[in-house]
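Residue numbers (our numbering), protein chains in the order written: chain A, 17 to 232; chain B, 17 to 232.
A quick write-up on the structure given underneath.
Protein chains: 2
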Amino acid sequence: MDIIFQSIGTIHTPYIAINTPHQPIADAPGDFWITLNPDYASALRTLDTFNYIYVLYHLDQVTPPLELLTSSPWAPDTEIGLFASRSPQRPNPIGLSIVRVKEIKGNEITISGIDTYNGTPLLDIKPYMHFLDSKEDANNGWFDTLPDKEHTMAHALGLTHEHEHEHEHEHPHQHVNDHDHPHRHSPAHSHEHSHEITHRQSHDHKHPGHLHEHND
Amino acid sequence: MDIIFQSIGTIHTPYIAINTPHQPIADAPGDFWITLNPDYASALRTLDTFNYIYVLYHLDQVTPPLELLTSSPWAPDTEIGLFASRSPQRPNPIGLSIVRVKEIKGNEITISGIDTYNGTPLLDIKPYMHFLDSKEDANNGWFDTLPDKEHTMAHALGLTHEHEHEHEHEHPHQHVNDHDHPHRHSPAHSHEHSHEITHRQSHDHKHPGHLHEHND
């Protein structure tokens with residue numbers, strides 16, 4: 017039986033489907049905001065008391081194939097089940113991201129970086145409540161078995177971090193946030209992903225500065 | 017434009033809509049399991065490497081009214097926006113719960129207590145990953161302003177806990193997990209909820225024992 021939902025707003029991001037990161041990059045350059053259907057604006061009252069929210073959305077630009085056994089961009093050699101992955105290609109393509117609330121004005125919510133493309137239809141917003149949702153004893157499943165787990169997590173989160181490369185460089189270098197980790201979004205698209213990494217000879221761990229010029 | 021999803025399985029719980037708790041009670045008595053459409057069984061591979069999962073489901077028995085300004089069963093006097101609440105009455109009635117994975121056999125997943133009624137249609141399962149999903153700096157929003165916050169959280173989570181009642185009892189007593197916190201599920205149903213609490217003169221903090229007799 018069909019389950020019928022309606023879009024209740026739109027998610028605005030600097031991404032198109034093919035350059036959308038796999039996970040939310042909190043400090044990603046660019047503007048991220050949600051425009052809620054104005055009919056629902058009053059339902060945002062007190063949402064600004066939360067620092068994090070769940071955003072649920074319809075991955076309407078994600079197309080088949082639906083692979084029941086898949087792999088992760090972070091572990092291309094590990095075979096995992098689709099439901100053990102956060103792949104956007106799912107029987108019901110519902111995206112779920114946790115983002116920071118920056119500002120709420122009328123029916124617009126400015127948020128931290130989210131891992132979906134510009135124009136994504138919004139399904140729901142729920143408050144993220146520490147006492148319900150932050151499971152400090154949670155593990156990372158198959159991710160915990162990766163040989164270079166901490167480093168891979170830093171990549172997944174878009175964090176700048178140091179590499180040790182057998183003296184290829186005089187100094188540890190920094191990755192800036194220009195990875196190209198496209199969503200797998202079409203049958204022609206392979207499992208491979210590329211890292212386009214700018215190496216800097218720097219000890220600076222701070223994220224490269226960027227301008228937020230949010231034009232309403 | 018309609019967004020059309022399909023149920024991919026069924027959630028089995030001891031609850032009917034009117035006695036479903038508002039939040040997952042991890043150690044609730046009774047059996048909780050998910051039957052996935054057998055066509056998708058192979059997509060569960062490696063899901064058992066996670067200790068927690070997200071379960072997304074269609075709250076198909078939740079009916080109007082849709083109140084844009086609502087209150088919480090935990091804060092009946094605080095007016096909050098619908099999107100700042102976890103009310104099941106939402107424009108798109110998608111439920112989201114975090115539960116423990118206990119066992120996976122074929123297309124059946126035995127889970128810890130979940131806050132939905134028996135027969136709920138399943139929309140999706142996603143792995144809960146500590147490094148992505150456990151936001152230790154998250155707050156509890158308006159919940160943090162409640163005068164008896166810690167106590168109310170214990171109720172919400174169904175935890176046994178002590179009360180101090182101005183010497184009404186000789187000893188601190190224990191709540192057993194038989195609260196009746198029904199989902200608001202029909203127009204005739206008021207905001208009020210009742211606590212049916214069994215007082216015991218006991219210092220025992222353990223959860224009352226219960227049998228799990230899971231009949232497949």
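Yeah, the Cβ is synthetic: ideal placement off N, Cα and C, and Gly gets one too.
Open item on the list: Give me, in chain order, the residues of the same chain whose beta-carbon lies closer than 8 Å to that of A/I127; leave out the 5 immediate sequence neighbours on both sides.
Closed with: Position 111 of the first sequence holds residue 127 of chain A. These residues qualify, in order along the chain: F48, W49, I50, I69, V71, V115, R116, V117, K118.
Open item on the list: Counting only C-beta atoms, is B/L148 closer than 8 Å to chain A at any point?
Closed with: On the second sequence, residue 148 of chain B is found 132 positions in, with the first residue counted as 1. Chain A contact via Cβ: present.
- [ ] Find the residues of chain B that neighbour A/H171, judging by a C-beta separation of less than 9 Å, and give them in chain order.
- [x] In the first sequence, residue 171 of chain A corresponds to position 155, counting from 1. Under the 9 Å cutoff, chain B gives no residues; its nearest Cβ is about 11 Å from A/H171.
Open item on the list: Using C-beta distances below 7 Å, list every residue in its chain close to B/G157, excluding the 5 sequence neighbours before and after it, in chain order.
Closed with: The count along the second sequence starts at 1 and reaches residue 157 of chain B at position 141. Closer than 7 Å at the Cβ level, and outside the excluded window around B/G157, lie A100.
Task: A/H74 (DSSP reduced to helix, strand or coil) - done: Position 58 of the first sequence holds residue 74 of chain A. Residue state, collapsed to three classes: strand.
Task: Residue span of the alpha helix (DSSP H) that contains B/A91, given as start and end - done: In the second sequence, residue 91 of chain B corresponds to position 75, counting from 1. That residue, B/A91, is in no alpha helix (DSSP H); its beta strand (DSSP E) goes 91-97.
Task: Pairwise C-alpha distance: A/L148 and B/H185 - done: The residue you call residue 185 of chain B lines up with position 169 of the second sequence. The residue you call residue 148 of chain A lines up with position 132 of the first sequence. Residue placement at B/H185 is flagged as unreliable, the pLDDT there being 45, under the threshold of 50; the coordinate-derived value follows with that caveat. C-alpha separation (whole angstroms): 31 Å.
Open item on the list: Counting only beta-carbon separations shorter than 8 Å, does B/S23 have a partner in chain A?
Closed with: Here residue 23 of chain B corresponds to residue number 7 of the second sequence, with the count starting at 1. For B/S23, the answer is yes, since a Cβ of chain A falls inside 8 Å of its Cβ.
TODO: Would you be able to state if there are at least three C-beta pairs under 8 Å between the region 162-175 of chain B and the region 158-178 of chain A?
DONE: no
Task: For A/L52, three-class secondary structure by DSSP - done: Position 36 of the first sequence, counted from the start, is the residue given in the question as residue 52 of chain A. The answer is strand: DSSP assigns A/L52 an E or B state.
TODO: Consult DSSP for A/L82 and reduce its assignment to one of helix, strand or coil.
DONE: Taking the first sequence and counting its residues from 1, one reaches residue 82 of chain A at position 66. Three-state DSSP puts A/L82 in coil, outside helix and strand.
TODO: Check each candidate in B/T168, B/F159, B/N155, B/D140 and name the one with the smallest Cα separation from B/F21.
DONE: As a working mapping, residue 21 of chain B is identified with position 5 in the second sequence. For the residues B/T168, B/F159, B/N155, B/D140, the minimum Cα distance to B/F21 belongs to B/D140.
Open item on the list: By the three-class DSSP mapping on this structure, what secondary structure does B/G25 have?
Closed with: Position 9 of the second sequence holds residue 25 of chain B. Looking at B/G25 - three-state DSSP - the assignment turns out to be strand.
- [ ] Determine, using beta carbons only, whether A/W49 comes closer than 8 Å to chain B.
- [x] Along the first sequence, one-based indexing puts residue 49 of chain A at 33. With 8 Å as the cut-off, A/W49 does not count as an interface residue toward chain B.
Task: Residues that A/E152 contacts on chain B, provided the C-beta gap is smaller than 7 Å - done: Mapped onto the first sequence, residue 152 of chain A falls at position 136. By Cβ distance, chain B contributes S150, E152.
TODO: Taking A/L139 as part of the beta strand (DSSP E), name the residues at either end of that continuous run.
DONE: Working through the first sequence from its first residue, we reach residue 139 of chain A at position 123. Start and end: 136-143.
Task: CB contact check: A/L60 to chain B, cutoff 8 Å - done: Numbered from its first residue, the first sequence carries residue 60 of chain A at position 44. It does: the Cβ of A/L60 has a partner Cβ on chain B nearer than 8 Å.
Task: Through-space distance from B/H38 to B/S87, alpha-carbon basis - done: Here residue 87 of chain B refers to the residue found at position 71 when the second sequence is read from its first residue. Here residue 38 of chain B refers to the residue found at position 22 when the second sequence is read from its first residue. Answer to the nearest angstrom: the Cα atoms are 13 Å apart.
TODO: Quick one: using the 10 Å Cβ neighbour count with 16 as the cut-off for buried, is A/D131 buried or exposed?
DONE: As a first step, residue 131 of chain A must be located in the first sequence, where it is residue number 115. Counting Cβ neighbours within 10 Å, A/D131 comes out buried, since at least 16 surround it.
Open item on the list: Which of the three DSSP states is assigned to A/S58 in this structure?
Closed with: Working through the first sequence from its first residue, we reach residue 58 of chain A at position 42. Helix at A/S58.
- [ ] Give me the Cα-Cα distance between B/P203 and B/Q105, rounded to the nearest whole angstrom.
- [x] Residue 203 of chain B sits at position 187 when you count from the first residue of the second sequence. Residue 105 of chain B sits at position 89 when you count from the first residue of the second sequence. Residue placement at B/P203 cannot be trusted, given a pLDDT of 36 that sits under 50; what the coordinates show is reported in the next sentence. Taking the straight line joining both Cα atoms gives about 11 Å.
Task: Cβ-Cβ distance between B/L82 and B/I120 below 8 Å - done: Taking the first residue of the second sequence as position 1, residue 82 of chain B is located at position 66. Taking the first residue of the second sequence as position 1, residue 120 of chain B is located at position 104. Not a contact, by the Cβ cut-off of 8 Å.
Task: chain A contact residues for B/D18, given Cβ-Cβ distances below 9 Å - done: Here residue 18 of chain B is taken as the residue at index 2 of the second sequence, counted from 1. Simply D18, I20, F21, Q22.
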